[in-house]
Amino acid sequence: MGEITGGEVLARMLQIEGVQNVFGIIDGTYFGFYSKLEPHGIELVTPRHETSAAHMAGAYARATGKLGVCMASNGPGVANILPGLVVEEAEGNRVLVITSSRRTGIMYPDRVGTYQCFNQSGVISQMAKWSEAVPSFDRIPEMMRRALRKCYDGRPGVVHLDIPENIMNGKFKDEPAFWQPHQYRSMTQPEPSDGQIDQAVELLLKAKFPIIHAGYGVIHAQASEQLEKVAKLLNTLVTTSWAGRGAIPESSPHAMPMVHIEANNNIRNESDLVLVLGSRLGETDWWGKAPYWNKDQQVIQVDLDPVVLGGNKPVELAIHGDILSFLTKLHKKLEMKKDQLNTESMKRYVERFGQERAKDRKKLDEKLSDTSAPMNSAIIPSTVQKVFPEDTPVVFDGGNTTIWANFYYQIEKPGSVFSTFKFGMLGAGTAQALGAAVANPGKPVVCMIGDGAMGFHPQEIETAVRNNLQVIYIVFCDKQWGMVKMNQHFALKPVKTLIKKSLSAEESIKSDLGEIAFDKLAESMGAYGARVSDPKDLQFALEQAYATGKCAVIHCDVNPVQHMWAPGLKYFKDLHAEPKGK
1 MGEITGGEVL
11 ARMLQIEGVQ
21 NVFGIIDGTY
31 FGFYSKLEPH
41 GIELVTPRHE
51 TSAAHMAGAY
61 ARATGKLGVC
71 MASNGPGVAN
81 ILPGLVVEEA
91 EGNRVLVITS
101 SRRTGIMYPD
111 RVGTYQCFNQ
121 SGVISQMAKW
131 SEAVPSFDRI
141 PEMMRRALRK
151 CYDGRPGVVH
161 LDIPENIMNG
171 KFKDEPAFWQ
181 PHQYRSMTQP
191 EPSDGQIDQA
201 VELLLKAKFP
211 IIHAGYGVIH
221 AQASEQLEKV
231 AKLLNTLVTT
241 SWAGRGAIPE
251 SSPHAMPMVH
261 IEANNNIRNE
271 SDLVLVLGSR
281 LGETDWWGKA
291 PYWNKDQQVI
301 QVDLDPVVLG
311 GNKPVELAIH
321 GDILSFLTKL
331 HKKLEMKKDQ
341 LNTESMKRYV
351 ERFGQERAKD
361 RKKLDEKLSD
371 TSAPMNSAII
381 PSTVQKVFPE
391 DTPVVFDGGN
401 TTIWANFYYQ
411 IEKPGSVFST
421 FKFGMLGAGT
431 AQALGAAVAN
441 PGKPVVCMIG
451 DGAMGFHPQE
461 IETAVRNNLQ
471 VIYIVFCDKQ
481 WGMVKMNQHF
491 ALKPVKTLIK
501 KSLSAEESIK
511 SDLGEIAFDK
521 LAESMGAYGA
531 RVSDPKDLQF
541 ALEQAYATGK
551 CAVIHCDVNP
561 VQHMWAPGLK
571 YFKDLHAEPK
581 GK
């Protein structure tokens with residue numbers, strides 16, 4: 001029997017789990033791991049920064065429903081990946097991070113003065129679902145199995161395994177037994193009982209106006225098709241959380257996209273029962289409270305995480321279980337009782353709120369007639385929608401840019417939109433686009449991002465070029481921290497801001513930025529670059545970028561004052577004030 005490194009044990013276990021990609025930067029401290037990935041059929045995709053590796057893994061997990069795996073080397077590498085792990089845990093993406101640490105005997109605990117040493121497992125344990133350090137070679141399989149169980153246990157998030165470099169790279173004669181996944185973790189998620197399904201059906205049949213509120217859990221469960229079937233059968237409306245956007249195609253008459261804020265509020269207030277699927281009803285859902293939600297409505301809540309159930313809004317029926325399984329069973333039971341469904345009455349609700357949605361859309365689209373230069377930000381996402389295929393993965397990143405992109409881009413393919421919905425992390429989009437591209441080989445990926453956010457990780461353009469990933473970065477350039485500037489101006493001179501729409505540079509505090517010519521920066525890294533200021537030139541520029549088949553960057557000069565006044569800002573401000581209702 002030959003010798004085996006601790007790193008090869010990890011690689012083999014990932015191969016058995018069906019992992020096809022690992023994201024991270026190479027380093028000698030885990031050579032025994034990454035050098036064994038390719039021999040085991042796993043592709044290593046290397047970004048330019050460890051934080052990007054975490055975001056790539058998270059986007060990959062969201063796009064595929066699989067496990068996203070990233071890695072970082074001890075000390076500086078782990079320090080660099082920390083911001084990405086914070087975000088991916090907050091977003092609820094299924095990410096396993098493998099790190100190296102200094103050799104046994106000089107850390108855990110630190111032998112005073114150890115080079116590149118800090119309590120990596122201790123720090124990450126404060127932000128992840130689970131984090132442990134492996135003390136010896138013989139415990140790698142056991143602890144890796146535990147890590148993989150944690151990855152699939154409850155709400156997805158970050159799981160961390162830390163292995164000393166002498167164990168990772170050392171060669172050992174005692175090759176361990178390699179178990180199959182079904183031998184150490186459940187291959188199915190908890191299912192709702194027949195009694196719970198019956199109770200849910202009874203509540204839905206009794207309700208006058210039942211609605212569905214879909215969260216990120218629907219996308220993780222890959223349950224969008226079943227969600228749409230249930231919505232059609234009930235002939236009801238589906239609202240979504242921010243992260244749940246795309247849980248149902250937004251062209252569906254049963255969908256009420258999150259951008260129609262007043263319509264969403266009206267629906268939730270009029271509804272006497274809401275079926276909450278995979279949503280925590282958190283701050284961006286107004287905590288489920290009045291005056292944005294009916295305080296007297298009944299709630300059926302289904303979630304993989306039992307801690308969420310009844311966490312922010314009292315429920316009539318709490319179901320700990322898999323959403324796909326729940327919807328499949330619910331649809332079957334409702335089919336058996338469809339003669340009892342009040343579909344005609346529901347039809348009036350769907351039509352009335354559909355008219356409200358259309359009226360709001362018409363008002364929003366008035367901005368699309370603006371032909372001035374530099375361009376109105378609304379023009380960009382609307383034009384992107386015309387040029388790229390319907391199922392193109394899209395990334396929204398960066399303050400006001402995220403708002404403009406959300407309001408003027410319709411999501412049709414479930415799970416095709418990426419952002420940091422729960423954390424609002426600037427700059428994550430550059431790497432999310434890379435992860436989405438790896439998950440969707442042969443497809444273009446569009447990332448709409450502000451110039452401030454693009455300044456965080458522009459070096460990842462080279463990652464796209466080197467890995468032949470067709471990511472098209474569309475940079476909204478207003479040369480300012482627009483969302484911050486808006487808040488600042490209202491804090492400094494609210495009346496003048498309302499009248500003038502913007503204060504002068506002298507009246508602002510460090511909110512203006514210098515220019516980066518992102519098209520030229522792209523060209524310096526081997527990508528296609530173009531610059532557009534006049535809206536009439538935008539479609540051609542996008543078509544040219546698409547036609548190249550490679551990474552491209554379109555520098556879009558947008559009107560800085562208009563860009564600050566993004567749609568829905570009033571609601572965004574109100575969002576952070578505690579609702580007055582119960």
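In UniProt numbering, the protein residues as written are 1 to 582.
Where is the CB? At the ideal position from N, CA and C, for every residue including glycine.
request  = Quick one: grab the DSSP three-state call for W404.
outcome  = DSSP places W404 in helix when its eight states are reduced to three.
inquiry  = Going by beta-carbon coordinates alone, are S73 and S100 separated by less than 8 Å?
reply    = At the C-beta level, S73 and S100 come within 8 Å of one another.
task = Can you give me the Cβ contacts of L334 inside the same chain, cut-off strictly under 8 Å, excluding the 5 residues immediately before and after it?
result = Cβ within range, chain order: V201, L204, V230, L233, L234 and L341.
Assigned secondary structure, K367 (DSSP; H/G/I helix, E/B strand, else coil) = Helix at K367.
query = Going by beta carbon distance, what residues of the same chain come within less than 7 Å of Q544, once the five residues before and after it are set aside?
reply = Taken in chain order, the residues that qualify are A530.
message = In the DSSP output, which residue or residues are listed as bridge partners for T114?
response = DSSP lists no partner for T114.
inquiry  = Assuming the contact rule is C-beta atoms closer than 8 Å, A61 and N21 should be a hit. Round their C-beta distance to whole Å, please.
reply    = A61 to N21, Cβ: 11 Å. No contact.
query = Does DSSP classify V315 as helix, strand or coil?
reply = Of the three classes helix, strand and coil, the one that applies to V315 here is coil, per DSSP.
task = Leaving aside the five residues before and after D451 along the sequence, list all residues of the same chain whose C-beta is less than 6 Å from its C-beta, in chain order.
result = The beta carbon of D451 lies closer than 6 Å to those of V475 and C477 in the same chain, with the five residues before and after it left out.
request  = Indicate the three-state DSSP secondary structure (helix, strand or coil) for F518 in the structure shown.
outcome  = DSSP, read as helix, strand or coil, puts F518 in helix.
inquiry  = Between G77 and N169, how many whole angstroms is the CB-CB distance? I'm expecting something under 8 Å.
reply    = Not a contact, Cβ separation roughly 15 Å.
CB of I323 within 8 Å of CB of A428, strictly = Taking 8 Å as the Cβ cut-off, I323 and A428 do not qualify as a contacting pair.
ask   = Considering T548, what are the terminal residues of the alpha helix (DSSP H) in which it resides?
value = Secondary structure note for T548: its alpha helix (DSSP H) is the uninterrupted segment L538 to T548.
task = Go through its chain and collect everything with a Cβ distance to W565's Cβ below 7 Å, but skip five positions before and after it.
result = Excluding residues within five positions, the ones whose Cβ falls inside 7 Å are K501.
query = Looking at the structure shown, is Y216 part of a helix, part of a strand, or coil, going by DSSP?
reply = The answer is helix: DSSP assigns Y216 an H, G or I state.
message = Assuming the contact rule is C-beta atoms closer than 8 Å, P567 and W286 should be a hit. Round their C-beta distance to whole Å, please.
response = Between P567 and W286 a beta carbon distance of about 18 Å is seen, past the 8 Å cut, so the two are scored as non-contacting.
key: Option in Q459, V159 and L538 with minimal Cα separation from K520   = Checking every option, the nearest Cα to that of K520 belongs to Q459.
task = Please state if the CB of A207 and the CB of D272 are separated by a distance shorter than 8 Å.
result = In this structure, A207 lies closer than 8 Å to D272 by Cβ.
For N559 and D537, the rounded distance between their alpha carbons = Using only the alpha carbons, I get a separation of about 15 Å.
task = Throw me the rounded Cβ distance for the T239 and R268 pair, which I believe falls under 8 Å.
result = Contact flag correct, Cβ pair sits at about 7 Å.
Spatial neighbours of A90 in its chain, beta-carbon cut-off 7 Å, leaving aside the 5 residues before and after = For A90, where only same-chain residues beyond five positions count, the Cβ hits under 7 Å are K422 and F423.
Sufficient close CB pairs (3 or more, under 8 Å) joining the segment 388-404 to the segment 428-448 = Contact between the segment 388-404 and the segment 428-448 is present: three or more C-beta pairs spanning the two stretches fall below 8 Å.
message = I'd like to confirm the pairing. Which residues does DSSP put opposite E132 in its beta bridges?
response = Looking at the DSSP assignment, E132 forms a beta bridge with L161.
request  = Could you tell me the distance, in whole angstroms, from the CA atom of K66 to the CA atom of I499?
outcome  = As the crow flies, the alpha-carbon of K66 is around 51 Å from that of I499.
task = Could you tell me the distance, in whole angstroms, from the CA atom of A255 to the CA atom of T284?
result = Looking at the two C-alpha atoms, the distance is approximately 18 Å.
query = Roughly how many angstroms separate the alpha carbons of S504 and Q562, rounded to a whole number?
reply = If you take the alpha carbons of S504 and Q562, they lie about 15 Å apart.
request  = Report all residues from its chain with a CB closer than 7 Å to the CB of M107; omit the five preceding and five following residues, and keep chain order.
outcome  = Excluding residues within five positions, the ones whose Cβ falls inside 7 Å are S101, T114 and C117.
inquiry  = Suppose you measure from the CA of D174 to the CA of P141; what does that come to, to the nearest Å?
reply    = Those two C-alpha atoms are separated by around 12 Å.
Neighbourhood of V19 by C-beta distance below 7 Å, restricted to the same chain and skipping five residues each side = Same-chain partners within the cutoff: I42, L67 and V69.
Sub-8 Å separation of A436 and C551 beta-carbons = Not closer than 8 Å, so no.
query = How big is the Cα-Cα spacing for A491 and I379?
reply = Between the alpha carbons of A491 and I379 lies a gap of roughly 29 Å.
Selected residue, minimal CA-CA separation from L37, among V9, W242, V307 and E50 = Residue V9 is the option with its Cα nearest to L37.
inquiry  = For a minimum of 3 consecutive residues, which ranges assigned as the beta strand (DSSP E) are wholly contained in the segment 390-469?
reply    = The qualifying runs are 394-397 and 445-450.
inquiry  = Using C-beta distances below 6 Å, list every residue in its chain close to P257, excluding the 5 sequence neighbours before and after it, in chain order.
reply    = Taken in chain order, the residues that qualify are E250.
query = Contact check, L161 vs I98 under 8 Å by CB: the rounded distance?
reply = Contact holds; Cβ gap of about 5 Å.
task = Look at the Cβ atom of A177, then the Cβ atom of I219, and state whether they are nearer than 8 Å.
result = Cβ distance not < 8 Å, so A177 and I219 don't count as in contact.
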